[in-house]
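Trainee:
2 protein chains.
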Amino acid sequence: MTDQPSYAAVHDALRPEAASFDIAAAPTRLDDLFADKEAAKASCEADAWAIDELQDRLYAEGQRSLLVVLQGMDTAGKGGTVKSVFAHTSPMGMEVTAFKAPNTEELAHDYLWRIHKAVPRKGHIGIFDRSHYGDVLAVKVLGLQSEEEVEARYEDINAFERYLCRTGTKVLKFFLHISKEEQKERLQARLDKPHKRWKFSKADLDSRALWDDYQRAYELMVQRCSTEHAPWYVVPSDSKSRRNAAVARIVRQTLEEMNPKAPKVDWHPEDWVIS
Amino acid sequence: MTDQPSYAAVHDALRPEAASFDIAAAPTRLDDLFADKEAAKASCEADAWAIDELQDRLYAEGQRSLLVVLQGMDTAGKGGTVKSVFAHTSPMGMEVTAFKAPNTEELAHDYLWRIHKAVPRKGHIGIFDRSHYGDVLAVKVLGLQSEEEVEARYEDINAFERYLCRTGTKVLKFFLHISKEEQKERLQARLDKPHKRWKFSKADLDSRALWDDYQRAYELMVQRCSTEHAPWYVVPSDSKSRRNAAVARIVRQTLEEMNPKAPKVDWHPEDWVIS
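These protein sequences, in sequence, are chains A and B.
Position one of the first sequence corresponds to residue 70 (the numbering used here), numbered consecutively onward.
Position one of the second sequence corresponds to residue 70 (the numbering used here), numbered consecutively onward.
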């Protein structure tokens, strides 16, 4: 039996009051919830096994799905989070979609078109590595759309997510929040360690130079788009193991509340003879 | 250090001479290669970790991909195989596509259209849970196409897979071969165990009634479509742990031979200052 923080404690730590969300005051470390790295790893591992079992039930039920949205500055750890939280989930019931700059076909459509196409099928867990929030983050910071357009997008995104929720797709959103100092260390590691060097991109530095603008865009994103049906969790992410453990707690609880059940069959086992 | 059978031994056991392949003589048990279940599990686990590391390199390289095709009678264990062999592979670099009866849009196209769409992107491992081989298996057994058409399809499929191979997608095909007795036990278990009952489908019995016809279709599939560029491995699958371990050996070896490498960067770490 692993000693894990209660769901309530994790919620309290991760879910800010949306309207008054102040990103400068939001912690990037989560030392209180997990005693140390080892405790966090054990908690994540226990939850990852539980998520596997819950996903099997979701698949068997075949009626609803879960969409996990991940956003964060470069190096915040979207990949690492997925790998740990879904370490034991069957690849047959899960699909990850990475959203990069839209291609020409995607640009020929409205911005939610490619997102909607990637919504997980019933019975599956879908994971978005970046998402439609790029359309109110990078787009806003780089001034590619007017303020009015971005405000309209928050509203459209909320309506879209409410629609998903109503039609059986539960939406969970995690903003992986790191400090500027921590990002510096992680980018430096990409330069210093030869096996990480391929990950380094000049574009990371361009985004870093706009750090404050991005922080403001994330803040607004949480203020405008953290809703009851599709909450934003702000995950202190300077510690990788605690970040993973916190996300795993929320995912597990969400699936437990969904409480998926294999369909009842309308026959008796004795009805069938296997020759 | 796990005591694992050599790649050569696994190849010899799994890769029949295509032209003379005799399915009735092909074993459904693989007791010689792995001493017992525990040894098989340990071997699979060691390979699954190695596959994870190799997949990271494939992703970093971003130039080639691996396509793993799984076929077999109901209960042969496609899902279980994927879960064990890719237990440690990051979901971000892997995509599973399950092919069921084609929908109306798919039927409005040629039979390889939906297959081609699902070919893994560069850097990824793609897994097909059933595949275009349904178009020479079920289609043949149910008499939905003429013999001439099915013969033409073998040729077209070989050409398609050769094309994939030439354009950077390595193709590995595993036929999970179980005995009729073993299937009976596994179907009975679906009836007997309440938590497995939702998996039972009358369609499984319909296919089982055509067992001999399916065996003949699998035999022809291997004879016609096991090629140097895209070999069929016939995996004795009555023992789940040995089945998984054998597939893991082949996948690992294939990735090792591909030997993916992260791209060399054209700058020096000192060129960058992270402020």
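Glycine residues also receive a C-beta, built at the ideal position from the N, C-alpha and C atoms.
Here the structure is a predicted model, which is why all the values come from computation and not from measurement.
#1: Are the beta-carbon atoms of residue 117 of chain B and residue 292 of chain B separated by less than 7 Å?
#2: Between residue 199 of chain B and the rest of its own chain, which residues show a CB-CB distance below 8 Å, the 5 nearest in sequence each way excluded?
#3: Which same chain residues, not among the five before or five after residue 284 of chain A, have their C-beta less than 8 Å away from its C-beta?
#4: Below 8 Å on the Cβ atoms is my contact criterion, and I expect residue 136 of chain A with residue 189 of chain A to pass it. Report the Cβ-Cβ distance as a whole number of Å.
#5: Whose CA, out of A/300, A/211, A/204, lies closest to the CA of residue 220 of chain A?
#6: Show which residues of chain A have a CB atom less than 7 Å away from the CB atom of residue 304 of chain B.
#7: Just to make sure I have the definition right: I need the residues of chain A whose C-beta is within less than 7 Å of the C-beta of residue 75 of chain B. Which are they?
#8: Using only alpha-carbon positions, find the residue among B/301, B/267, B/182, B/81 that is nearest to residue 46 of chain B.
#9: Could you round the C-beta distance between residue 97 of chain A and residue 246 of chain A to whole angstroms and report it? I think they count as a contact, below 8 Å.
#10: I'd like to know if residue 329 of chain B contacts chain A, where contact means its C-beta is closer than 7 Å to some C-beta of that chain.
#11: Please compile the residues from chain A whose C-beta is within a distance smaller than 7 Å of the C-beta of residue 310 of chain B.
#12: Given that a residue counts as buried once 16 or more other Cβ atoms are within 10 Å of its Cβ, and exposed if not, what is residue 132 of chain A?
#13: Quick check for students: name the residue ranges of the beta strand (DSSP E) that lie wholly in the stretch 70–137 of chain A, counting only runs of 3 or more.
#14: Give me whichever residues DSSP pairs with residue 239 of chain A in a beta bridge.
#15: Check whether the stretch 179–187 of chain B touches the stretch 268–276 of chain B, taking contact to mean three or more Cβ pairs, one atom from each stretch, closer than 8 Å.
#16: Could you check what DSSP says for residue 163 of chain A in three-state terms: helix, strand or coil?
#17: Does the contact criterion of 3 or more C-beta pairs under 8 Å hold for the stretch 111–125 of chain B versus the stretch 308–322 of chain B?
#18: Given this structure, state the Cα-to-Cα distance separating residue 249 of chain A from residue 342 of chain B, to the nearest angstrom.
#19: List the whole-angstrom C-beta distance separating residue 196 of chain A from residue 162 of chain A, where the pair is believed to meet the contact cut-off of C-beta under 8 Å.
#20: What does the Cβ neighbour count give for residue 201 of chain A, buried or exposed, with the cut at 16 atoms within 10 Å?
#21: Please report whether the beta-carbon of residue 118 of chain A lies at a distance below 7 Å from any beta-carbon of chain B.
#22: Run through the DSSP bridge pairs and tell me what residue 22 of chain B is partnered with.
#23: Just the chain A side, please: which residues come within less than 8 Å of residue 152 of chain B by C-beta, in chain order?
#24: When we look at the beta-carbon of residue 310 of chain B and count the other beta-carbons within 10 Å, is it buried (16 or more) or exposed?
#25: Opposite residue 196 of chain A in the DSSP bridges: which residues?
#26: What does a CB cutoff of less than 7 Å around residue 210 of chain B pick up in its chain, not counting 5 residues either side in sequence?
#27: Please tell me whether residue 75 of chain A and residue 113 of chain A are closer than 7 Å, where the distance is taken between their beta carbons.
#28: On the three-state DSSP scale, how would you describe residue 283 of chain B?
#29: Along the alpha helix (DSSP H) that carries residue 207 of chain A, what are the first and last residues, could you check?
#30: Which residues in chain B have a C-beta closer than 8 Å to the C-beta of residue 280 of chain A? List them in chain order.
#31: Please confirm whether residue 151 of chain B and residue 160 of chain A have their CB atoms less than 7 Å apart.
#32: How long is the line joining the alpha carbons of residue 262 of chain A and residue 130 of chain B, rounded to whole angstroms?
#33: Near residue 231 of chain A, which residues of its chain fall below 6 Å by C-beta distance, leaving aside the five closest residues on each side in sequence?
#34: Could you round the C-beta distance between residue 331 of chain B and residue 264 of chain A to whole angstroms and report it? I think they count as a contact, below 8 Å.
#35: Can you list, in chain order, the residues of its chain whose CB lies under 7 Å from that of residue 229 of chain B, leaving out five sequence neighbours each side?
#36: Which of the three DSSP states, helix, strand or coil, is assigned to residue 323 of chain B?
Mentor: Concretely, from the data shown:
#1: no
#2: 139, 140, 147, 167, 168, 169
#3: 92, 93
#4: 6 Å
#5: A/204
#6: Result: empty, since nearest Cβ-Cβ is about 18 Å, beyond 7 Å.
#7: Under the 7 Å cutoff, chain A gives no residues; its nearest Cβ is about 28 Å from residue 75 of chain B.
#8: Lying before the first or after the last residue shown, residue 46 of chain B is absent from chain B, which here runs from 70 to 344.
#9: 5 Å
#10: no
#11: Correct list: empty, because the minimum Cβ distance to chain A is about 17 Å.
#12: exposed
#13: none
#14: A/135
#15: no
#16: strand
#17: yes
#18: 14 Å
#19: Contact doesn't hold; Cβ gap of about 12 Å is too wide.
#20: buried
#21: no
#22: Because residue 22 of chain B is not part of the residues shown, which for chain B are 70 to 344, the question remains open.
#23: 159, 160, 161
#24: buried
#25: A/137, A/165
#26: 279, 282, 283, 286
#27: no
#28: helix
#29: 207–210
#30: Residues of chain B passing the Cβ test: none, with the nearest at roughly 10 Å.
#31: yes
#32: 17 Å
#33: 298
#34: 7 Å
#35: 181
#36: helix
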